[in-house]
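**Student:** Below is one structure. I have some questions about it.
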Amino acid sequence: MATDEEEEATHVRREGAVVKENEAVHYIVSLGLDEVNPDDPEQVARAFRGLTTMFRELYPGLQMKLVGQADGDGMTPDQESGEKRGKFHVHGVGNAVVFARMEVDGKVWEPGSKVSGALTDINRVRERQDAWIAERGAEWGLTQRLPPVREQKSEKRSTTDRRKASKGEVSNHDRIREAFWAAMDDPRCVDLDGFKTVMAEGGVEVIEPGWHRGKAPKVRHLSYRVASMATNVTGATLGELYMYDNVVSQADAIAAGLPRARRPEPPAAGAPKPLTVTTDQELTQARDTVARMVQEERLDAWLGDWASEENTTVAELLLERGRVRDRPGDQDVLHRWMDDWETEKTKSQTQATPTATFEAKGPTKEGQRRPEGNLDIRDSPEAAIAKPDPKLADLVIINDMLAKYGDREASRNDMMSSGLDEETVVAAIASWQALGKPQTAGERELRRRIEQSEQRAQEAPQEASGSLNEPDTTEELEEHSDGVSRPSEVHGDDEQAEQQKSAVELQEAQATVEPERKKSKTDAGERLRRLPELRDDHGDQTENEDEPELGA
Numbered sequence: 135m136a137t138d139e140e141e142e143a144t145h146v147r148r149e150g151a152v153v154k155e156n157e158a159v160h161y162i163v164s165l166g167l168d169e170v171n172p173d174d175p176e177q178v179a180r181a182f183r184g185l186t187t188m189f190r191e192l193y194p195g196l197q198m199k200l201v202g203q204a205d206g207d208g209m210t211p212d213q214e215s216g217e218k219r220g221k222f223h224v225h226g227v228g229n230a231v232v233f234a235r236m237e238v239d240g241k242v243w244e245p246g247s248k249v250s251g252a253l254t255d256i257n258r259v260r261e262r263q264d265a266w267i268a269e270r271g272a273e274w275g276l277t278q279r280l281p282p283v284r285e286q287k288s289e290k291r292s293t294t295d296r297r298k299a300s301k302g303e304v305s306n307h308d309r310i311r312e313a314f315w316a317a318m319d320d321p322r323c324v325d326l327d328g329f330k331t332v333m334a335e336g337g338v339e340v341i342e343p344g345w346h347r348g349k350a351p352k353v354r355h356l357s358y359r360v361a362s363m364a365t366n367v368t369g370a371t372l373g374e375l376y377m378y379d380n381v382v383s384q385a386d387a388i389a390a391g392l393p394r395a396r397r398p399e400p401p402a403a404g405a406p407k408p409l410t411v412t413t414d415q416e417l418t419q420a421r422d423t424v425a426r427m428v429q430e431e432r433l434d435a436w437l438g439d440w441a442s443e444e445n446t447t448v449a450e451l452l453l454e455r456g457r458v459r460d461r462p463g464d465q466d467v468l469h470r471w472m473d474d475w476e477t478e479k480t481k482s483q484t485q486a487t488p489t490a491t492f493e494a495k496g497p498t499k500e501g502q503r504r505p506e507g508n509l510d511i512r513d514s515p516e517a518a519i520a521k522p523d524p525k526l527a528d529l530v531i532i533n534d535m536l537a538k539y540g541d542r543e544a545s546r547n548d549m550m551s552s553g554l555d556e557e558t559v560v561a562a563i564a565s566w567q568a569l570g571k572p573q574t575a576g577e578r579e580l581r582r583r584i585e586q587s588e589q590r591a592q593e594a595p596q597e598a599s600g601s602l603n604e605p606d607t608t609e610e611l612e613e614h615s616d617g618v619s620r621p622s623e624v625h626g627d628d629e630q631a632e633q634q635k636s637a638v639e640l641q642e643a644q645a646t647v648e649p650e651r652k653k654s655k656t657d658a659g660e661r662l663r664r665l666p667e668l669r670d671d672h673g674d675q676t677e678n679e680d681e682p683e684l685g686a
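Residue numbers for the sequence shown follow my numbering, beginning at 135 and rising by one.
See below:
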């Protein structure tokens with residue numbers, strides 16, 4: 135329940151037995167083939183937007199779900215092919231309770247009010263929609279081809295009537311209607327008795343219910359029946375034209391020689407609306423748009439993977455390189471990087487024989503990282519063809535992450551971050567791979583430091599043990615004087631202290647290597663800030679002086 139400080143409740147819960155009532159209101163709006171061709175997506179989309187606008191404006195306080203259907207089977211066969219084609223129609227399922235205050239036909243509906251009366255009366259709903267279509271329908275290509283509601287009441291055709299007509303059959307109700315209008319053309323139909331006689335000749339029995347002991351009812355009605363019907367059908371069911379008052383009025387007009395009412399012509403559906411013809415230029419533009427959207431999605435995914443590999447964000451990644459994602463010139467550069475990377479990766483994966491490859495974590499531009507993948511060193515043919523140089527091979531820096539899993543691969547990014555240029559990096563990796571991936575200078579230095587640390591750790595306990603083997607004079611005298619051998623308390627404490635000291639020295643020795651590895655990445659950031667220009671994948675110079683500065 136709502137408190138004074140809360141909003142007013144729109145629903146009220148009532149305890150007790152559950153009473154089954156309507157929980158939703160279902161509306162259906164159908165459009166003829168001559169209004170909307172269901173095979174044309176453009177026509178369907180436009181009509182759906184129009185009907186959505188109509189329901190939103192007519193019922194602003196009603197929650198509703200609209201679903202368009204353009205693939206129905208249909209009942210009406212095509213005039214040329216005989217194929218039954220479904221019409222485009224929209225299903226609207228509305229909440230049975232008003233959720234917001236609204237005014238419809240001059241009546242105000244408060245939140246929580248039940249959807250009923252003018253909101254569910256089919257005739258009033260149709261009249262309301264006809265008025266909206268007459269005023270706003272042209273904006274969406276919507277027109278009302280059916281007669282007004284008043285005329286529709288004059289002859290009410292049921293679903294059975296329409297279904298049988300679509301099959302070329304005649305329903306019992308239509309048989310009665312045809313006999314009715316045939317009787318009205320007969321000159322003997324000048325009164326009710328003459329009408330009954332003519333109708334009986336047409337196989338239709340006319341009954342006037344309500345008579346009691348020769349007295350007519352206060353409100354007189356007519357019912358009709360053919361031999362194949364189990365029950366009578368009232369004139370009100372067939373339509374206002376078939377009720378008692380109209381029959382008498384028609385007979386009086388015939389007797390007086392006056393014009394009488396005629397049967398309304400049923401609305402005839404026109405030919406299906408032609409499909410929208412798309413020009414070659416529109417098709418080309420559509421293809422270009424789709425292709426551009428696909429490329430943009432690929433680029434976003436590629437940048438996301440790249441940033442994830444580098445443990446950073448796309449914004450920081452681009453800022454580091456002085457690029458802006460949506461700037462036209464930078465878009466071309468980013469797309470070229472992506473295309474080159476994918477081409478190079480495909481080449482390395484499809485080669486029949488192993489070729490010298492190096493790890494590439496970014497576009498082939500100085501100081502730039504590249505998403506994970508292998509890049510063929512044939513990007514620099516001179517480096518691949520040159521004779522392997524052990525000195526160049528010594529410059530290779532091993533990828534720490536892969537080395538932990540036993541995979542010795544060169545880290546191109548770390549090498550470039552250490553200050554090596556593109557050509558030197560490619561040549562060094564090519565020489566290192568050509569020589570069978572020997573130990574590099576960095577690996578040998580790391581090994582030397584580790585061995586030194588291990589050696590110091592081994593020597594430290596021995597020195598401690600040697601000093602303890604020389605007995606203290608006082609201790610010796612005590613042991614010989616009383617003849618009791620006492621364990622030395624100093625021996626155990628010193629040995630434990632020395633072992634801890636050796637472990638600390640080993641950790642320090644290993645730790646001295648890591649800062650030197652990370653130093654190259656720090657130097658890379660400094661170098662990028664000082665770098666006046668970037669080198670692209672083919673060695674061309676790309677000036678950045680004219681590019682606007684990025685905000686902090």
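In this text, a Cβ means the ideal position worked out from N, Cα and C, and glycines have one as well.
Mind checking who M236 pairs with in its DSSP beta bridge?
**Tutor:** Answer is W243, bridged to M236.
**Student:** Tell me the rounded alpha-carbon separation between W345 and A361.
**Tutor:** The alpha-carbon atoms of W345 and A361 are separated by roughly 23 angstroms.
**Student:** Is N171 closer than 7 angstroms to P406 when the C-beta atoms are compared?
**Tutor:** Result yes, Cβ atoms of P406 and N171 sit closer than 7 angstroms.
**Student:** Any idea if I531 is buried or exposed, counting beta-carbon neighbours within 10 angstroms, 16 or more meaning buried?
**Tutor:** Under this definition I531 is a buried residue.
**Student:** From M549 to R581, what distance separates their C-alpha atoms?
**Tutor:** Rounded to the nearest angstrom, the two C-alpha atoms are 19 angstroms apart.
**Student:** Rank G553, V560 and G251 by C-alpha distance to the C-alpha of D523 and give the top, closest one.
**Tutor:** It is V560.
**Student:** Where does A204 fall in DSSP's three states?
**Tutor:** Three-state DSSP puts A204 in coil, outside helix and strand.
**Student:** I'd like the list of long-range same chain contacts for Q177, defined as Cβ closer than 6 angstroms, with 5 residues on each side in sequence excluded.
**Tutor:** Answer for Q177: V170 and N171, listed in chain order.
**Student:** Excluding five sequence neighbours on each side, which residues of the same chain lie with their C-beta closer than 8 angstroms to the C-beta of L192?
**Tutor:** V238, R262, Q263 and W266, listed in sequence order.
**Student:** In terms of residues, what are the limits of the beta strand (DSSP E) holding E339?
**Tutor:** Segment E339 to I341, the beta strand (DSSP E) holding E339.
**Student:** With DSSP collapsed to three states, give me the class of V249.
**Tutor:** Looking at V249 - three-state DSSP - the assignment turns out to be coil, as it is neither helix nor strand.
**Student:** Check whether the Cβ atoms of D308 and D325 sit closer than 7 angstroms, and answer yes or no.
**Tutor:** No; because the gap between Cβ atoms is not below 7 angstroms, this pair is not in contact.
**Student:** Compute the Euclidean distance between the alpha carbons of Q415 and V428, then round it to the nearest angstrom.
**Tutor:** Their backbone Cα atoms lie some 20 angstroms apart in a straight line.
**Student:** Nearest-angstrom Cα distance between V231 and A252?
**Tutor:** Rounded to whole angstroms, V231 to A252 spans 14 angstroms at the Cα level.
**Student:** On the criterion of 16 or more Cβ atoms from any shown chain inside 10 Å, does N257 qualify as buried, or is it exposed?
**Tutor:** It counts as exposed.
**Student:** The beta strand (DSSP E) that contains I162, what's its start and end?
**Tutor:** Taken as a continuous stretch (DSSP letters only), the beta strand (DSSP E) holding I162 covers A158 to L165.
**Student:** Do you know how far the Cα of T186 is from the Cα of F222?
**Tutor:** Rounded to whole angstroms, F222 to T186 spans 14 angstroms at the Cα level.
**Student:** For V259, report the span of its alpha helix (DSSP H) as first-last.
**Tutor:** That run of the alpha helix (DSSP H) goes I256 to R270.
**Student:** In or out: A575 buried (at least 16 other Cβ within 10 Å) or exposed?
**Tutor:** Exposed: under 16 other Cβ atoms inside 10 Å.
**Student:** CA-CA distance, W436 and E450?
**Tutor:** Cα to Cα, the separation comes out at about 15 angstroms.
**Student:** Quick check on Y378: does DSSP put it in helix, strand or coil?
**Tutor:** Of the three classes helix, strand and coil, the one that applies to Y378 here is helix, per DSSP.
**Student:** For S545, which three-state DSSP category applies?
**Tutor:** Note: S545 maps to strand in three-state DSSP.
**Student:** Between V340 and K330, which are expected to be in contact by the criterion C-beta below 8 angstroms, what is the C-beta distance as a whole number of angstroms?
**Tutor:** The pair is a contact, with the Cβ atoms about 5 angstroms apart (cut-off 8 angstroms).
**Student:** As a quick exercise: from T254, D255 and A234, pick the residue whose alpha carbon is nearest that of P245.
**Tutor:** Of the listed residues, the one whose Cα sits closest to P245 is A234.
**Student:** Is there a C-beta anywhere in chain C that falls below 7 angstroms from the one on E261?
**Tutor:** No chain C is part of this structure, which consists of one protein chain only.
**Student:** Whether or not the region 350–369 and the region 417–427 are in contact is what I'm after, with contact meaning three or more pairs of Cβ atoms, one per stretch, closer than 8 angstroms; do they touch?
**Tutor:** No, because fewer than three Cβ pairs between the region 417–427 and the region 350–369 fall closer than 8 angstroms, the two stretches do not touch.
**Student:** So what does DSSP say about N533, is it helix, strand or coil?
**Tutor:** N533: coil per DSSP, three-state reduction.
**Student:** Compare the C-alpha of R291 against each of K479, N547 and R311 and name the closest.
**Tutor:** R291 has its Cα closest to that of R311, out of K479, N547 and R311.
**Student:** Using the rule of at least 16 other Cβ atoms within 10 Å of the residue's Cβ for burial, across every protein chain shown, is A272 buried or exposed?
**Tutor:** A272 should be labelled exposed.
**Student:** By how many angstroms is the C-alpha of R397 removed from the C-alpha of A370?
**Tutor:** Looking at the two C-alpha atoms, the distance is approximately 16 angstroms.
**Student:** Which whole-angstrom value is the C-beta distance of L165 and S288, which I expect to be below 8 angstroms?
**Tutor:** Not a contact, Cβ separation roughly 24 angstroms.
**Student:** Return the chain-ordered list of same chain residues with a C-beta closer than 7 angstroms to the C-beta of D173, the five sequence neighbours on each side being excluded.
**Tutor:** Cβ within range, chain order: L409.
**Student:** Given a cut-off of 7 angstroms on the beta-carbon distance, is the pair G184 and L276 in contact?
**Tutor:** Going by C-beta atoms, G184 is nearer than 7 angstroms to L276.
**Student:** Measure the alpha-carbon distance for W471 versus Q592 and round it to whole angstroms.
**Tutor:** In a straight line, the C-alpha of W471 is about 52 angstroms away from that of Q592.
**Student:** What would DSSP say about L185, mapped onto helix, strand or coil?
**Tutor:** L185: helix per DSSP, three-state reduction.
**Student:** Out of P194, V467, G228 and G373, which one is the CA nearest neighbour of W243?
**Tutor:** Comparing Cα-Cα distances from W243 to each of P194, V467, G228 and G373, the minimum goes to P194.
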